[in-house]
Amino acid sequence: MNPVVSHSALLRNRAYINGEWVQAHSGQSFAVTNPANGEHLSDVPDMGAEDTRAAIAAAEAAWPAWRAVPAKERAAILRRWFDLMMEHKEDLARLMTAEQGKPLAEARGEVGYGASFVEWFAEEAKRAYGDVIPGHGRDKRILVIKQPIGVVAAITPWNFPIAMITRKVAPALAAGCPVVVKPAEDTPLCALALAVLAEKAGLPAGLVNIVTCSKARAPEVGEELTTNPVVRKVSFTGSTPVGKLLMRQASSTVKKVSLELGGNAPFIVFDDADLDAAVTGLMASKYRNTGQTCVCANRIYVQSSVYDAFVEKLKSAVGNLVVGPGLEGETHQGPLINQAAVDKVERHIADATSNGARVALGGKAHALGGTFFEPTILTDVTQDMLVAREETFGPVAPIFRFETEDQAITMANDSEFGLAAYFYSQNIQRIWHVAESLETGMIGINDGIISTETAPFGGVKESGLGREGSRYGLDEFMELKYLCLGGMR
Ligand SMILES: NC(=O)C1=CN([C@@H]2O[C@H](COP(=O)(O)OP(=O)(O)OC[C@H]3O[C@@H](n4cnc5c(N)ncnc54)[C@H](OP(=O)(O)O)[C@@H]3O)[C@@H](O)[C@H]2O)C=CC1
Ligand SMILES: O=C(O)CCCC(=O)O
């Protein structure tokens, strides 16, 4: 194993419950491997319902003291956690590349991005302001206060093993809530490393608990997290089918739910766009994390008159991408997370080509073997193909053709998903009209990267519920309480 990873004090082989590093009750564990070469990184506990109940009980016990801590003191602990993440940026990034596969430069970027949520919510902790509302009678006064919701369950994916945790845990802690985190089977090591640093930052026991488990046990752990009456909030990032299942389960005790689910982002290039800027934006949006991002451009709509010119420019940019192990050299694109991901990409390409699309570049498994895949461009793609209906979650850019603005809007909105959209145009009237017409929670206008801790991240339609990051992100972990004061003079 890469020595910088194996010697890291952040590399753990125990889960973290109630401030202790523990095995599963069953004594079972599972292996975490590097998707770039299959090397073994660590074994971590394969926990089940009993361990999850222990984590929930620890969180419940820790809650009363934590909610009573003044926001300024909670903020100071979060700030120390942020500082430690930045201090250990390189170690965290190497661990992330080792277990997730993204190029080291992207992993470093994600550590900074993940830490930014901790910094942001350390600041926001002090601004959970209430409200004063004019009373509905002469003797009445109305106040609104915000209170922490209680024990939070956070279920997170493998594609952003740090940022998707801090985007939930930091606002929960800032609001005054304890959290039980269930990371993905593929990437538990970053979650455990975050717990090492949270402990070092002085976070009291029980406030952050990490329950690791294999895919086989995820339904059991998920069921406990979503049905245990002590849990008051479930925050999930992942696929739409699993999100729907968790929402159904959480309804049994009417928990508050935030869901950040699948996307199928349209990326529209109008004939008045700066084509070079559009190519740059698409490269960032499409091929980031080897296309494994819920806000990745998934359907690229290009107006007929600039279609051929755009495809040529894109081909030359994509042709320069270097594929390889993320820990080695100047890599732009790492492996896909696992074989199931490769199978999905291959199925989408086969469906498109058998229905008339053409492979303009790439199109097959990379010569490096394993789960490496060639950055791919498909042309002459139509709305009836799988690539138009489902999120590919891989390095495939399918390019559709459109004639008019109305047609582009209709095609873009023809999806049950509504997370992110992007479009390029230099006409201000068109910009307003298209931005107001697209049915998504976020829009990049002449920009391919929209993620930041300062803006509300989330979707509409079957892409989810609620918003993460920004000042709105704190509210997801708080309840409003209305106080009516009668008998006033
Ligand atoms: N919105 C987004 O950011 C993401 C979207 N996706 C989409 O989903 C597709 C499949 O990816 P996949 O990783 O399988 O996504 P999942 O939705 O299966 O995984 C996300 C998280 O949910 C967990 N999980 C899975 N089943 C359950 C369950 N029954 N109860 C509780 N937790 C559960 C997973 O655990 P475990 O990993 O152990 O199974 C993981 O921690 C991708 O191709 C992509 O289209 C995927 C990841 C992120
Ligand atoms: O794919 C995801 O769900 C993570 C989104 C990453 C981002 O914040 O840009």
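737 is the number of the first residue of the sequence shown in the working numbering; add one for each residue after it.
We put the CB at the ideal spot given by N, CA and C, even for glycine.
This one's a predicted model, so the numbers in the text were calculated from it and none came from an experiment.
Linking A890 to L1216 through their CA atoms gives a straight-line distance of about 21 Å. By the Cβ test, the segment 1068 to 1077 is in contact with the segment 1106 to 1118, since at least three Cβ pairs between them sit closer than 8 Å.
Non-local beta-carbon contacts of V932 in its own chain, meaning distances under 6 Å to residues more than five positions away in sequence, involve L746 in chain order.
With a threshold of 7 Å, the Cβ atom of M900 counts as near ligand 2, since some heavy atom of the ligand is closer than that.
In the three-state reduction of the DSSP assignment, F1138 falls in the strand class, which pools E and B.
Looking at the DSSP output, V915 shares a beta bridge with V888, V944.
When secondary structure is reduced to three states using DSSP, S1187 falls in the coil class, being assigned neither helix nor strand. Residue side-chain check: T1029 places its Cβ nearer than 7 Å to a non-hydrogen atom of ligand 2. In this structure, L1097 lies away from T1118, with their beta-carbon atoms at least 8 Å apart.
Taking the C-beta atoms as reference points, P907 is found no nearer than 8 Å to T948. Taking a C-beta distance under 8 Å as the contact criterion, L1063 and Y1023 do not qualify as a contact pair. L814 is positioned such that its CB atom lies no closer than 8 Å to that of L879.
For I1073, the three-state secondary structure derived from DSSP is coil. If the five residues before and after F818 are omitted, its C-beta is found closer than 7 Å to the C-beta atoms of A851, V854, E855, A858, all from its own chain and listed in chain order.
With 16 or more neighbouring CB atoms inside 10 Å of its own CB, R1203 falls in the buried class.
Nearest to E1212 by C-alpha distance, out of L1221, G1222, Y1218, L1201, is L1201. Judged by the Cβ position, D1087 fails to qualify as a neighbour of ligand 1 at the 7 Å threshold, every heavy atom of the ligand being at least this far. Between M832 and E823 a beta carbon distance of about 16 Å is seen, past the 8 Å cut, so the two are scored as non-contacting.
With fewer than 16 neighbouring CB atoms inside 10 Å of its own CB, C1220 falls in the exposed class. According to the DSSP secondary-structure assignment, P870 is paired through a beta bridge with no residue. The segment 795 to 807 and the segment 922 to 930 do not touch, with fewer than three beta-carbon pairs separated by less than 8 Å. The C-alpha of E1127 lies about 10 Å from the C-alpha of T976. Judged by the Cβ position, L982 qualifies as a neighbour of ligand 1 at the 7 Å threshold, a heavy atom of the ligand being closer than this.
Distances from the CA of L997 to each of N895, D1116, H872, T1188 were compared; the closest alpha carbon is that of N895.
Proximity of the segment 947 to 966 to the segment 1181 to 1198 falls short of the contact definition, fewer than three beta-carbon pairs being nearer than 8 Å. Sequence-distant partners of V1047 (beyond 5 residues in either direction) whose C-beta falls short of 8 Å from its own C-beta, in its chain, are V1038, A1096, I1113, T1115, I1135.
Proximity to C1030 across L995, G784, F1138 peaks at L995, based on C-alpha coordinates. Apart from the 5 residues on each side of it in sequence, E1152 sits with its Cβ closer than 7 Å to the Cβ of K1197, E1198 in its chain, given in chain order.
Membership of I1164 in the alpha helix (DSSP H) is indicated by the continuous run 1164 to 1173. Judged by DSSP secondary structure, V847 falls outside any beta strand (DSSP E) and instead within the alpha helix (DSSP H) spanning 840 to 860.
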